[in-house]
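Read in order, the letters of the sequence shown are residues 1014 to 1125 in my numbering.
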Amino acid sequence: MIQKFVIPTSNGTLDPHFGHCSHFTIIEVTNNLIMGESIIDAPPHQPGILPRFLAEKGATDVIAGGMGQSAINIFNQHQVNVFVGAPKLKAKELVEGFLNKTLSFTANYCDH
């Protein structure tokens, strides 16, 4: 199974607000093994743009701190899984924890 995890980051660490990050870290996983990591610049924030942009990049899963319901809905329309309430860790640590089932999620603190 091939997955592309996308994490909104600033300075290599999870940015708690999905729509306002400076970069997205993309971590490629094959059969639960991390195969690669790349960083792309985030386009300017406009409602509804980021989910489509990342789906076009091949995202299969997004790990975020907070995200608005509209963005979650658009991701889901593009068959992209969204996991919110992630702790502020390095992108690779988040994916490793997710794959190992040791990552704990809290509430989605985004209110829009």
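Beta carbons: idealized from backbone N, C-alpha and C, even for Gly.
- Boundaries of the beta strand (DSSP E) harbouring G1049: 1046-1054, taken from the DSSP string.
- For V1108, the three-state secondary structure derived from DSSP is helix.
- Taking G1049 as the centre and dropping the five residues before and after it, the same chain places the C-beta of E1041 closer than 7 Å to its C-beta, in chain order.
- Per the C-alpha coordinates, the member of L1027, A1084, A1072, T1026 positioned closest to I1062 is A1084.
- Setting aside the 5 residues that flank it on each side, P1064 is surrounded in the same chain by A1084, I1087, F1088, each with a C-beta closer than 6 Å to its C-beta; the list follows chain order.
- The criterion of a C-beta distance shorter than 8 Å is not satisfied by I1052 and T1073.
- A Cβ-Cβ separation of about 4 Å places I1020 in contact with A1104 under the 8 Å criterion.
- In this structure L1046 is exposed. Its beta-carbon is surrounded by fewer than 16 other beta-carbon atoms within 10 angstroms.
- Comparing alpha carbon positions, the residue from Q1090, L1107, F1118, L1027 closest to E1069 is Q1090.
- Look at the segment 1017-1096 and you find these whole runs of alpha helix (DSSP H), each 4 residues long or longer: 1062-1069, 1082-1090.
- When DSSP reads this structure, K1103 sits in a beta bridge with T1026.
- For P1100, the closest C-alpha among the options F1111, N1094, Q1092 is that of F1111.
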